[in-house]
Structures are given as structure tokens and as C-alpha cells.
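Engineer:
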Amino acid sequence: MTTSPPNLSISPEKVAFVVTKAHQYEMEAAEPDLLADLADDDSAPGTGGRGRNTDRSELISFIKGLNVDEQIDLVALTWLGRGDGSLENWDELRAQAAQAHNNRTATYLIETPMLGDYLEEALSEFGLSLEDFEESL
């Protein structure tokens, strides 16, 4: 007997948006010199590095703008993608995320290395792919 995946409070489209922005932020953080050189060609003096802060701020604002249940799902999905649980124990994983929820959830998620990869893996556990949502991003 096949069971359907648990229902999420957060839409897969919102998760896909976070995945995309997290990948952009992580890429810029990993390649600051290369991106700064590229940005220097098109930007005014003194503006180098601003993209990283803008991406970080945008991602934090987006996550903070989610309701509490959506934030809890995002943390639980991160843990699921990281291998800290499975769909079979989703309720327990989500309960742990609810217990850990606080006003630093957005910062916690942003500071999680490989956040985009973990969320993408979690989406695949739910039978979803980032490509399913690329047009809406």
C-alpha cells in the first residue's frame, strides 16, 4: 500500500523560490572575487559586494514574511533534505522544528550551508522537482 506524502503548510512554489535564492546567495558567497570583478565592470565605485547583502536581505525578508507554520515546514524540509529524518517520521520532524522555532528562524536557515541543496532534496522526497516550478519563479 502506497501512502501519500504529508501535506505541507508551505507551497512548493515558495520552497522553490527559497531554493533558487539560496543557490544564488551561496554561489555569490563562494565566488566573491569573481563576481566582484564582473560587477566592477558595470557598477559605480564603492558598490562592490552589494549584491550579496541584497540577496541575503531579500531571502531573510521572504522567510520572515512566511507565517509560522510555513517557517516550521521550511526548517523541517531542511532537516529532511539533510537526512535528519524521513517522510515516515515527518510528524516528529515537524514537531521538533516547531519546538525549535524562534524569531531567528530566517537567520538560522540562511546560515545553513547547502540550504538550497537540502530543500531541493526534500522536494524530491515529496515527489517534486525544482523544474516543476521554474516557470513560476
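Here the sequence shown is numbered in my numbering, starting from 4 and rising by one per residue.
In this text, a Cβ means the ideal position worked out from N, Cα and C, and glycines have one as well.
(1) Excluding the 5 residues flanking residue 129 on each side, which residues of the same chain have their C-beta closer than 7 angstroms to its C-beta?
(2) Would you say residue 123 touches the ligand MN, meaning its beta carbon is less than 7 angstroms from a heavy atom?
(3) Who are the Cβ neighbours of residue 80 in its own chain at under 6 angstroms, not counting the five residues just before and after it?
(4) Where does residue 143 fall in DSSP's three states?
(5) Using a Cβ-Cβ cut-off of 7 angstroms (strictly less than) and excluding sequence neighbours within five positions of residue 56, which residues of its own chain qualify?
(6) Take the Cβ of residue 107 as the centre, count every other Cβ of all protein chains shown within 10 Å, and call the residue buried at 16 or more, exposed below.
(7) Which one of 16, 32, 87, 71 has the shortest CA to CA distance from residue 113?
(8) Quick check on residue 104: does DSSP put it in helix, strand or coil?
(9) Helix, strand or coil for residue 57 per DSSP?
(10) Can you tell me whether DSSP reads residue 52 as helix, strand or coil?
Structural biologist: The relevant details are as follows:
(1) Taking the first residue of the sequence shown as position 1, residue 129 is located at position 126. Once the five neighbours on either side are set aside, the close Cβ partners of residue 129 are 8.
(2) The ligand MN is not part of this structure, which contains no ligands at all.
(3) Translated into the one-based positions of the sequence shown, residue 80 becomes position 77. Result list for residue 80: 122, 125, in chain order.
(4) This structure does not reach residue 143, given that the chain is present from 4 up to 140, and the question cannot be answered.
(5) By one-based count along the sequence shown, residue 56 stands at place 53. So the list is empty, once near-sequence residues are dropped.
(6) Locating residue 107 in the sequence shown gives position 104, where the first residue counts as 1. The residue is exposed, with fewer than 16 neighbouring Cβ atoms inside 10 Å.
(7) Residue numbering aside, residue 113 sits at position 110 when the sequence shown is read from its first letter. Comparing Cα-Cα distances from residue 113 to each of 16, 32, 87, 71, the minimum goes to 32.
(8) Position 101 of the sequence shown, counted from the start, is the residue given in the question as residue 104. If DSSP states are grouped into helix, strand and coil, residue 104 belongs with coil.
(9) What you label residue 57 is simply residue 54 of the sequence shown in a count that begins at 1. Of the three classes helix, strand and coil, the one that applies to residue 57 here is helix, per DSSP.
(10) Start at 1 with the first residue of the sequence shown, and residue 52 comes out as number 49. In this prediction, residue 52 has a pLDDT of 47, which is less than 50 and means its spatial position is unreliable; what the coordinates show is noted afterwards. Three-state result, residue 52: coil.
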